[in-house]
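To start, the structure itself, in structure tokens.
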Amino acid sequence: TRPSMSVCLSARANPGSLPAQRVTRRGPTVRATRCSAASTSAASTSVEAMSPEQLKRNILRLGALTDRGQLLFPQKAYAPLDMYNANHKEEIVAAVEALAKTKEGKPLDPALLNGEWECVLATKQIFRSSPFFMAIQDAFGDATFGDSKSSEVFFRLHDLQVMSWGASTVGRVAQRINLENETLESDFDTILFRSTVIPILGWFKLLPTFGGRVVSFAERVKLDPESGRIDLELMKTRVERKEGIPEPPLFLPWFLDRDYPVNAVWRLLPWNKGRAPTATTYVKYVDEDFRVMVDRDGQYFVYCKVA
Numbered sequence: 001t002r003p004s005m006s007v008c009l010s011a012r013a014n015p016g017s018l019p020a021q022r023v024t025r026r027g028p029t030v031r032a033t034r035c036s037a038a039s040t041s042a043a044s045t046s047v048e049a050m051s052p053e054q055l056k057r058n059i060l061r062l063g064a065l066t067d068r069g070q071l072l073f074p075q076k077a078y079a080p081l082d083m084y085n086a087n088h089k090e091e092i093v094a095a096v097e098a099l100a101k102t103k104e105g106k107p108l109d110p111a112l113l114n115g116e117w118e119c120v121l122a123t124k125q126i127f128r129s130s131p132f133f134m135a136i137q138d139a140f141g142d143a144t145f146g147d148s149k150s151s152e153v154f155f156r157l158h159d160l161q162v163m164s165w166g167a168s169t170v171g172r173v174a175q176r177i178n179l180e181n182e183t184l185e186s187d188f189d190t191i192l193f194r195s196t197v198i199p200i201l202g203w204f205k206l207l208p209t210f211g212g213r214v215v216s217f218a219e220r221v222k223l224d225p226e227s228g229r230i231d232l233e234l235m236k237t238r239v240e241r242k243e244g245i246p247e248p249p250l251f252l253p254w255f256l257d258r259d260y261p262v263n264a265v266w267r268l269l270p271w272n273k274g275r276a277p278t279a280t281t282y283v284k285y286v287d288e289d290f291r292v293m294v295d296r297d298g299q300y301f302v303y304c305k306v307a
């Protein structure tokens, strides 16, 4: 049994080890905003004095408060929730950076990365931990569309397409890494049309609920222990049946449990000019049961080891 596994099994903190929070329901909005800003500043200062175990518990607490970070997006596409819980992002970044400093300058032990990991917090859309979406992000690079990066516009449009009206729900997000075999498997469970009723008019479902597990397979996974850089190449994707999630109706089950050759198709697309779907990400922190990654845009993804 790993000595610090309890960190990922329980998000309870020792009294006094984490910054206290108080919700103020009275008084003007300006006063509430000032109190929130002061609380965030105090939290950023206090993390410097925390031990790695305390920092990990604090990060897990913030993940629970923000639905794995999915209530953190300060952009108009998510209005009127664009500022909901936004102050917690500063706390998350401060805690993650303080945790990374505890191993700063030390080379990574590649063996610690091997195993199965579940994503418990992300400062951007949680599905972007998949090599498929990482490859898209790297393909766009620093290109812009208007005032925003092209990759951000793509992910925002993807959100609007699949999550409008609560049409899609992302469940468990996990990765399996084997550096000896240079492989990485990433999956997320998705549920479509979880609730499609019209209140008051009736409680019958308008559309069937269904879904599955979307798996991406990457190979040629290379780690630089000094910098923490990981390079990988996306090979294929698959949509699998998942126990507990209903299968799609009509002819759609035919598409399940089949491999789709993303790598080959990607190279044929004219704008890719024969390039393979590659991606780069960085390990900011890793120990026996906790891992923090950062993508090319500085967004964090936090994982707990489950096997």
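Letter 70 of the sequence shown, counting from 1, is numbered 70 in the working numbering, and no numbers are missing. Where a beta carbon is used, it is the ideal one built from N, C-alpha and C, also for glycine.
Nearest-angstrom Cα separation, counted from residue j out to residue i
i       : j       : result
Asp-336 : Asp-257 : Missing from the structure shown is residue 336; the chain here goes from 1 to 307 and no further.
Gly-298 : Ser-129 : 13 Å
Leu-268 : Ile-230 : 25 Å
Glu-240 : Leu-250 : 17 Å
Glu-48  : Ala-95  : 8 Å
Pro-107 : Ile-245 : 42 Å
Lys-236 : Arg-213 : 14 Å
Thr-209 : Trp-254 : 17 Å
Glu-53  : Leu-252 : 46 Å
Pro-248 : Ile-92  : 37 Å
Phe-188 : Lys-242 : 11 Å
Pro-51  : Gly-274 : Here residue 51 turns out to be Ser, not Pro, going by the sequence shown. Rounded to the nearest angstrom, the two C-alpha atoms are 48 Å apart.
Glu-226 : Lys-101 : 14 Å
Leu-60  : Glu-219 : 30 Å
Pro-28  : Asn-58  : Caution applies to Pro-28, whose pLDDT of 41 falls short of 50 and renders its modelled position unreliable; the model cannot decide the point.
Gly-141 : Gly-105 : 28 Å
Cβ-based neighbour list, residue i, same chain, cut-off 8 Å, excluding 5 preceding and 5 following
i       : result
Val-23  : With a pLDDT of only 41 at Val-23, under the threshold of 50, the placement of this residue in the model should not be trusted, and no figure is reported.
Trp-117 : Ala-174, Gln-175, Arg-176, Ile-177, Arg-291, Tyr-303, Cys-304, Lys-305 and Val-306
Asn-272 : Ala-139 and Trp-266
Cys-313 : Since the first residue shown for the chain is 1 and the last is 307, residue 313 is missing from the structure and cannot be characterised.
Residue i - containing alpha helix (DSSP H), residue span
i       : result
Gly-63  : 52 to 65
Arg-267 : 262 to 268
Integer Cβ distance of residue i from residue j, believed to fall under 8 Å
i       : j       : result
Ala-135 : Pro-277 : 4 Å
Thr-190 : Val-170 : 6 Å
Pro-131 : Ala-279 : 6 Å
Lys-222 : Glu-182 : 7 Å
Leu-62  : Leu-99  : Contact doesn't hold; Cβ gap of about 12 Å is too wide.
Val-262 : Leu-232 : So it is not a contact: roughly 13 Å between Cβ atoms.
Thr-123 : Gly-211 : Wrong, their Cβ atoms sit about 25 Å apart, outside the cutoff.
7 Å CB neighbourhood of residue i in its chain, flanking five on each side removed
i       : result
Lys-103 : Tyr-285
Phe-133 : Phe-127
Asn-114 : Ile-177, Asn-178 and Leu-179
Leu-55  : Val-47, Ala-95, Ala-98 and Leu-99
Asp-109 : none
Contacts around residue i, its chain only, beta-carbon distance under 6 Å, and the 5 residues preceding and following it disregarded
i       : result
Tyr-282 : Gly-228, Arg-229 and Val-294
Arg-296 : none
Asp-259 : Lys-236 and Arg-238
Phe-217 : Glu-185, Met-235 and Lys-236
Residue i: first and last residue of the uninterrupted beta strand (DSSP E) it sits in
i       : result
Arg-238 : 229 to 240
Val-96  : Note, Val-96: premise wrong, no beta strand (DSSP E); alpha helix (DSSP H) at 87 to 101.
Asp-138 : No beta strand (DSSP E) contains Asp-138, which is instead part of the alpha helix (DSSP H) from 131 to 140.
Gly-115 : 115 to 122
Val-292 : 290 to 294
Thr-183 : 183 to 192
Val-302 : 300 to 305
Thr-280 : 278 to 286
Residue-chain proximity (residue i, chain B), Cβ-Cβ < 8 Å
i       : result
Asp-287 : The structure shown contains no chain B, having only a single protein chain.
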